[in-house]
Amino acid sequence: GAGVSQSPRYKVAKRGQDVALRCDPISGHVSLFWYQQALGQGPEFLTYFQNEAQLDKSGLPSDRFFAERPEGSVSTLKIQRTQQEDSAVYLCASSLASQRLYEQYFGPGTRLTVT
Amino acid sequence: AQRVTQPEKLLSVFKGAPVELKCNYSYSGSPELFWYVQYSRQRLQLLLRHISRESIKGFTADLNKGETSFHLKKPFAQEEDSAMYYCALSGRSNTGKLIFGQGTTLQVKP
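As they're listed, the protein sequences go chains C and X. Take the first sequence: its letter number 46 is residue 46 in the working numbering, and every next letter is one higher. Take the second sequence: its letter number 18 is residue 133 in the working numbering, and every next letter is one higher.
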């Protein structure tokens, strides 16, 4: 079956613009994660959903970052008033069950460049 | 503080040589440790976890709590092992939050 998909794959935004990044998890996957990966670094956790509930948002760097998963499937990560330091690859991952949260299936990522 | 350190950005070996990718962690408690791998033009994927004590694609990793290390080893490297390897840690928060190291690029030369 299809894996995790993300759109757009590439996004260029001018500083101050708002952006919305979409994630389609694997069908039936309960858990969904967002990570931010800066150039040359490992992924950094942003937030976690179990179904539609956002159970951990401790990694969101500022109140400009907002994530939602209203129907427990597709998720959107929104960044308001983008800054240059927001430039990174944003990875979405999903996992099947709450008992195997570590087994995360990653999407291809969205590369965000803020100019 | 929870932290994962991979001291080498690049490890270059010849085919058939042994490989050891280093990973050290900082965590108060009993974490779970994992290795994730990203092959060229592919997605990040789970390679192995310490609890299962398994060998995947010839790779093994042993958790050394005394040295707080979780090094990834393979006795004979193959060209297809060339990839980016990330060590990751998960605490006991039940949120699945993974803390990744910076990654090590393994280059296996023919």
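Even glycine gets a Cβ: it sits at the ideal position worked out from N, Cα and C.
For Ala67 (chain C), the enclosing beta strand (DSSP E) stretches over residues 65-68. Residue burial is scored here from C-beta neighbours: Thr110 (chain C) has at least 16 other C-beta atoms within 10 angstroms and is therefore classed as buried. Proximity of Gln160 (chain X) to chain C, defined by a Cβ-Cβ separation below 8 Å, is satisfied. Excluding five sequence positions before and after Pro190 (chain X), the CB atoms of its chain that fall closer than 6 Å to its own CB belong to Pro133, given in chain order.
Gly206 (chain X) has a beta carbon lying at 8 Å or more from every beta carbon in chain C.
In this structure, the beta-carbon distance from Tyr35 (chain C) to Arg164 (chain X) does not fall below 8 Å. Taking 8 Å as the CB threshold, Glu103 (chain C) lines the interface with chain X. Comparing C-alpha distances from Tyr140 (chain X) to each of X:Gly131, X:Thr120, X:Lys130 shows the shortest one belongs to X:Thr120. Here Val4 (chain C) is near Pro25 (chain C), since their CB atoms are less than 8 Å apart. Within chain C, Tyr102 have C-beta atoms less than 8 Å from the C-beta of Phe149 (chain X), given in sequence order. Between the beta-carbon of Gln50 (chain C) and that of Ser62 (chain C) there is about 24 Å, and that puts the pair past the 8 Å contact cut.
No Cβ-Cβ contact shorter than 8 Å links Phe185 (chain X) with Ala198 (chain X).
Contact check for Thr76 (chain C) against Ala88 (chain C) fails: the beta carbons are separated by 8 Å or more. Listed in chain order, the beta strand (DSSP E) runs fully inside the region 168-195 of chain X are 187-189, counting runs of at least 3 residues. For the pair Lys57 (chain C) and Cys202 (chain X), the Cα-to-Cα distance works out to about 22 Å. Chain-order list of chain X residues neighbouring Asp56 (chain C): Thr210, Lys212, by C-beta distance under 7 Å. With respect to chain C, the C-beta atom of Gln222 (chain X) has no partner C-beta closer than 8 Å.
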